[in-house]
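Residue numbers (our numbering): 12 to 241.
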């Protein structure tokens, strides 16, 4: 149960601080700036990895959990509880932000300014890089060490800096779903639910391409246990 609470709190922190920074930037006339918002996302993820990495792995992202599962590093029986905790934490964060900032129209929702397929491609590529870095700096389903947190937080901040203005640089279905649900703004939501899963899966394939054979196992879809291919 502790690992599920950790994922709930971690995803809550990500959405509350990250989308909260977007909202505060809007209501204060841009005092945080786009660069500042990007840094907030990177820093909160870094902080959560340091804080919760030894408890749940600090996935705080359904696409990352899916990626670990696809890599054979995460048990099938844990998949639904992790996803439930992540979405619940994100939704609660957006509910509180709605209460704090009732005049915000989008609550930091990811709304692309480019056509749907272009946004989809960008989100797939961004999540590929994110998962590729995570899977390469992690041990099992647990991110460990100083460099892991720095590397992962830096990728998120970097992606937000250059792709945030066109797609929101979500890379996280829970981060996009929660503000869309609470603000009742579902435009292009399907992009942000599907693209990160595709990108995470491709990230695992990328890891297989550069690491030794057997670096990732293969999950048994019919069992709660993970079987490893060697």
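By construction, the Cβ of each residue, glycine as well, lies at the ideal position given by its N, Cα and C atoms.
Given the structure is predicted, the values throughout are model-derived calculations rather than measurements.
Simplified DSSP state of residue i, which is helix, strand or coil
i: residue 199; result: coil
i: residue 67; result: coil
i: residue 187; result: helix
i: residue 149; result: strand
i: residue 218; result: helix
i: residue 84; result: coil
i: residue 44; result: helix
i: residue 122; result: coil
i: residue 241; result: Caution applies to residue 241, whose pLDDT of 23 falls short of 50 and renders its modelled position unreliable; the model cannot decide the point.
i: residue 90; result: helix
i: residue 179; result: coil
i: residue 117; result: coil
i: residue 154; result: With a pLDDT of 42 at residue 154, under the threshold of 50, the predicted position of this residue should be treated as unreliable, and no value is reported.
i: residue 72; result: coil
i: residue 110; result: helix
i: residue 12; result: coil
i: residue 39; result: coil
C-beta atoms of residue i and residue j nearer than 9 Å
i: residue 120; j: residue 206; result: no
i: residue 134; j: residue 182; result: yes
i: residue 165; j: residue 115; result: no
i: residue 26; j: residue 186; result: yes
i: residue 52; j: residue 168; result: yes
i: residue 69; j: residue 104; result: no
i: residue 93; j: residue 13; result: no
i: residue 184; j: residue 204; result: yes
i: residue 139; j: residue 54; result: no
i: residue 149; j: residue 79; result: yes
i: residue 107; j: residue 188; result: no
Whole-angstrom C-beta distance between residue j and residue i, which should lie under 8 Å
i: residue 8; j: residue 208; result: The requested residue 8 is not part of the displayed model; the chain covers only 12 to 241.
i: residue 99; j: residue 19; result: 6 Å
i: residue 179; j: residue 122; result: 7 Å
i: residue 22; j: residue 71; result: 5 Å
i: residue 113; j: residue 97; result: Their Cβ separation, rounded to whole angstroms, is 25 Å, which puts residue 113 and residue 97 out of contact at 8 Å.
Same chain, Cβ closer than 8 Å to residue i, five either side skipped, listed in chain order
i: residue 127; result: 199, 202
i: residue 161; result: 57
7 Å Cβ shell around residue i - same chain, five flanking residues per side excluded
i: residue 75; result: 142, 145, 211
i: residue 174; result: 133, 137, 180
i: residue 109; result: 118, 193
i: residue 43; result: 32, 35, 36
Cβ-based neighbour list, residue i, same chain, cut-off 6 Å, excluding 5 preceding and 5 following
i: residue 192; result: none
i: residue 130; result: 123, 178, 202
i: residue 63; result: 17, 21, 69
i: residue 190; result: 30, 105, 118, 119, 120
i: residue 81; result: 212, 215
Min CB distance residue i to chain B below 9 Å
i: residue 132; result: In the displayed structure, chain B is absent; only one protein chain is listed.
*Would you call the region 213-221 and the region 86-95 in contact, with 3 or more CB pairs under 8 Å?*
No: fewer than three Cβ pairs fall under 8 Å.
*Would the region 23-33 and the region 48-68 be scored as touching if the rule is three or more Cβ pairs under 8 Å?*
Under the 8 Å Cβ criterion, the region 23-33 counts as touching the region 48-68, having at least three qualifying pairs.
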